[in-house]
Amino acid sequence: MSIATVDTGNGPRAFFESGLEAKPTPFEAIPLIDFGPMLSEDPAERAKVGQAVRKACTEVGFFYALNHGVPQPVIDATFQAAHRFFALPDDTKRAISVENSDNNRGYTPLLGENTDPTAKGDMHEAFDIGLEMEPGDPDLDKGLFGYAPNQWPDASLEGIEDFRDALLSYHGAALAFGARIFQAFALALELPEDYFAPKITKPLAVMRVLHYPPQEGKIDEKQIGIGAHSDYECFTILCTDEKAALQVLNAAGQWIEAPPVEDAFIVNVGDMMERWTNDYFKSTIHRAINRSGKQRYSIPLFFGTNPDVEIAVLESCQSPSNPPRYEPIQAGAYVEQRITETYAHRQED
2 MSIATVDTGN
12 GPRAFFESGL
22 EAKPTPFEAI
32 PLIDFGPMLS
42 EDPAERAKVG
52 QAVRKACTEV
62 GFFYALNHGV
72 PQPVIDATFQ
82 AAHRFFALPD
92 DTKRAISVEN
102 SDNNRGYTPL
112 LGENTDPTAK
122 GDMHEAFDIG
132 LEMEPGDPDL
142 DKGLFGYAPN
152 QWPDASLEGI
162 EDFRDALLSY
172 HGAALAFGAR
182 IFQAFALALE
192 LPEDYFAPKI
202 TKPLAVMRVL
212 HYPPQEGKID
222 EKQIGIGAHS
232 DYECFTILCT
242 DEKAALQVLN
252 AAGQWIEAPP
262 VEDAFIVNVG
272 DMMERWTNDY
282 FKSTIHRAIN
292 RSGKQRYSIP
302 LFFGTNPDVE
312 IAVLESCQSP
322 SNPPRYEPIQ
332 AGAYVEQRIT
342 ETYAHRQED
């Protein structure tokens, strides 16, 4: 495959050498990007995706992604599995609580997470998995945050027999798409197209299935589906059902609706990538309020690097007039720090 390049006229190198500062914009809509050309043998076609990603990530921090490659039957099976899991009795779900895991694997009840530290807790239930790691995996002994066994419900429970297989199938397919996003990020950042590939061989890639009960009547904005926050990792891949809830904050302080788009995922930049790019890419504040009157389900996958990767400002995102704003930090340590700030049970010690 030939290597694609992105024009440097309006890329990060020229931007940072200009001495300007990246500023968020009062966007009014989320852009749509077709990722189909990332599979093209034509480097010019892949470069166009990189250009579109650069514009979206510097101006908005969010985009819809078409042609992501995750098969619809895999998506459908995961949503069906989520419906059945969250319908289980509370005691059954709490038996695999995240409180049993040092790496936040398992079930989180309503109000068990508080993404906005000024709020009263998030109105959702969640179930988290990461890479499936079996006992004896040599990386489990390294003590790096993010490498841990998953917790699974008892497969003998009625309706849960295929829960594990459904979620792992989706996780694997979404990881493949995430690798293409990293490839497009590299093009957008004027890096070698495969720059991120060795850094995501065994990545921090936590997948959640989420259940949001409906909120009706007058809503306390300090207790909504998920409070105003930014994500921690490099980017998030979000698949939702047909019910709108996501809102994204623009530079004018307006909440912009981000409703589901048929056959598209929603992708947003995370804090780690904002840090890595010296604030060139924007990790945008967002929240979710389920006013649909019905149960809502979604599947985010928070994609980071291998936990031992050092996150230091990229060479293409700095200059003498725009030096690094962040000290280097190990990816796993950074995510662990952020998660500890979010979950009450991790702060009790």
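Every letter in the sequence shown is one number past the one before it in our numbering, and letter 189, counting from 1, is 190. For each residue, glycine too, the CB sits at the ideal point set by N, CA and C. Values in this document were obtained by computation on a predicted structure and should not be read as measured data.
Mapping the DSSP letters down to three states, classify Ile238 as helix, strand or coil.
For the purposes of this step, residue 238 is taken as the residue at position 237 of the sequence shown. In the structure shown, Ile238 sits in a strand (DSSP, three-state: E or B).
Distance, Phe164 Cα to Met39 Cα:
Indexing the sequence shown from 1 puts residue 39 at position 38. Indexing the sequence shown from 1 puts residue 164 at position 163. Rounded to the nearest angstrom, the two C-alpha atoms are 31 Å apart.
Phe266 bridges to which residues according to DSSP?
Start at 1 with the first residue of the sequence shown, and residue 266 comes out as number 265. Phe266 pairs with Ala66.
Taking the alpha-carbon positions, what's the Ala149 to Pro324 distance?
Mapped onto the sequence shown, residue 149 falls at position 148. Mapped onto the sequence shown, residue 324 falls at position 323. So the two alpha carbons sit approximately 36 Å from each other.
Among Glu126, Asn104 and Asp117, which residue has its Cα nearest to the Cα of Phe86?
If you number the sequence shown from 1, residue 86 lands on position 85. For the residues Glu126, Asn104 and Asp117, the minimum Cα distance to Phe86 belongs to Glu126.
Would you mind sorting Thr109 into buried or exposed? The rule is 16 or more other CB atoms within 10 Å of its CB.
The count along the sequence shown starts at 1 and reaches residue 109 at position 108. Under this definition Thr109 is a buried residue.
Nearest neighbour of Phe128, chosen from Val50, Ile300 and Pro27 [CA to CA]:
Walking along the sequence shown from the start, residue 128 turns up at place 127. Looking at the Cα atoms, Ile300 is the closest of the given residues.
Secondary structure at Leu169, three-state DSSP: helix, strand or coil?
Indexing the sequence shown from 1 puts residue 169 at position 168. Note: Leu169 maps to helix in three-state DSSP.
Beta-bridge partners of His212, as assigned by DSSP:
Residue numbering aside, residue 212 sits at position 211 when the sequence shown is read from its first letter. In DSSP, His212 forms a bridge with Glu126 and Tyr298.
DSSP three-state label for Ile330, please.
Position 329 of the sequence shown, counting from 1, holds the residue named residue 330. It is a strand residue.
Measure the C-alpha to C-alpha separation of Arg339 and Glu114 and round it to an integer number of angstroms.
Start at 1 with the first residue of the sequence shown, and residue 339 comes out as number 338. Start at 1 with the first residue of the sequence shown, and residue 114 comes out as number 113. Their backbone Cα atoms lie some 12 Å apart in a straight line.
Name the two residues that bound the continuous alpha helix (DSSP H) containing Gly51.
Along the sequence shown, one-based indexing puts residue 51 at 50. Unbroken alpha helix (DSSP H) run through Gly51: Pro44 to Glu60.
Should Tyr335 go down as buried or exposed, given a rule of 16 or more other Cβ atoms within 10 Å for buried?
The count along the sequence shown starts at 1 and reaches residue 335 at position 334. Buried, since its Cβ has 16 or more Cβ neighbours within 10 Å.
Just how far apart, CA to CA, sit Gln52 and Pro136?
Stepping through the sequence shown from its first residue, residue 52 is reached at position 51. Stepping through the sequence shown from its first residue, residue 136 is reached at position 135. Spanning the two alpha carbons is a distance of roughly 43 Å.
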